[in-house]
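Asks: I am attaching a structure below and will ask some questions about it afterwards.
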Amino acid sequence: MLEQFIVYAMENRIRNLAQNQFEFVAEYDGEVVGFVGLTQSPGRRSHSGDLFIGVDSEYHNKGIGKALLTKMLDLADNWLMLERVELGVLETNPRAKVLYEKFGFIEEGVKVGNLKAHGKFVNEIMMSRFRPNGLILHNK
Numbered sequence: 001m002l003e004q005f006i007v008y009a010m011e012n013r014i015r016n017l018a019q020n021q022f023e024f025v026a027e028y029d030g031e032v033v034g035f036v037g038l039t040q041s042p043g044r045r046s047h048s049g050d051l052f053i054g055v056d057s058e059y060h061n062k063g064i065g066k067a068l069l070t071k072m073l074d075l076a077d078n079w080l081m082l083e084r085v086e087l088g089v090l091e092t093n094p095r096a097k098v099l100y101e102k103f104g105f106i107e108e109g110v111k112v113g114n115l116k117a118h119g120k121f122v123n124e125i126m127m128s129r130f131r132p133n134g135l136i137l138h139n140k
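At position 114 of the sequence shown the residue is numbered 114 (full-length UniProt numbering), and the sequence of numbers has no breaks.
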């Protein structure tokens with residue numbers, strides 16, 4: 001029941017994307033098993049975007065997260081020309097943090113008790129990645 005609701009919510013979200021929102025899904029046997037989204041910031045922050053990603057726990061360690069990140073970061077770097085991509089990862093999810101670090105994300109700070117998971121407050125690690133050979137790294 002919950003999975004059907006999540007699929008419905010994702011389908012509805014994709015149908016109603018704004019111009020500054022981009023999403024990809026990963027399918028296995030016709031079912032969505034992962035997704036990645038990016039929202040380009042407006043105005044003076046239009047050089048940056050916020051990324052989120054999720055992969056069904058039954059499909060962890062199969063390269064789905066890596067494939068989704070590769071696809072979205074290609075869009076961010078080569079089509080949207082974003083200089084900076086940001087994300088948050090729960091402190092309780094070290095595997096995801098390692099994956100993000102492999103893609104060049106660095107830790108910028110921690111939002112203490114920012115989210116609740118299983119009835120407990122959890123810290124959120126804020127990470128960012130700069131476009132390779134981009135203007136931010138060469139503008140210092």
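The beta-carbon is built from N, C-alpha and C at its ideal position, and this holds for glycine as well.
1. Tell me the residue span of the alpha helix (DSSP H) that contains Tyr100.
2. Could you give the first and the last residue of the continuous beta strand (DSSP E) run that contains Met126?
3. Would DSSP call Ile136 helix, strand or coil?
4. From which residue to which residue does the alpha helix (DSSP H) around Lys116 run?
5. Taking the beta carbon of Ile136 as the centre, do at least 16 other beta carbons fall within 10 Å, making it buried, or is it exposed?
6. With 16 other CB atoms within 10 Å as the buried threshold, where does Met1 fall?
7. Under 8 Å: do the segment 55-63 and the segment 97-106 share three or more Cβ pairs, one atom per stretch?
8. Which term fits Asn78, buried or exposed, when burial requires 16 or more other beta carbons within 10 angstroms of its beta carbon?
9. Closer than 6 Å by C-beta to Arg131: which residues in its own chain qualify, once you throw out the five before and the five after it? Chain order, please.
10. Measure from the alpha carbon of Phe52 to the alpha carbon of each residue in Asn20, Pro42, Glu86, then state which is nearest.
11. With 16 other CB atoms within 10 Å as the buried threshold, where does Val55 fall?
12. According to the neighbour-count rule (16 or more other Cβ atoms, all chains shown, within 10 Å of its Cβ), is Met81 buried or exposed?
13. Out of Pro94, Lys111, Ala26, which one is the CA nearest neighbour of Phe121?
14. Can you give the beta carbon distance from Leu69 to Phe103, rounded, assuming they're within the 8 Å contact cut?
Replies: Taking the structure as given:
1. 94-102
2. 120-130
3. helix
4. No alpha helix (DSSP H) contains Lys116, which is instead part of the beta strand (DSSP E) from 106-117.
5. exposed
6. Bear in mind that the predicted position of Met1 carries a pLDDT of just 46, short of 50, making it unreliable; the figure below should be weighed with that in mind. It counts as exposed.
7. no
8. exposed
9. Asp77, Glu83
10. Glu86
11. buried
12. exposed
13. Lys111
14. 6 Å
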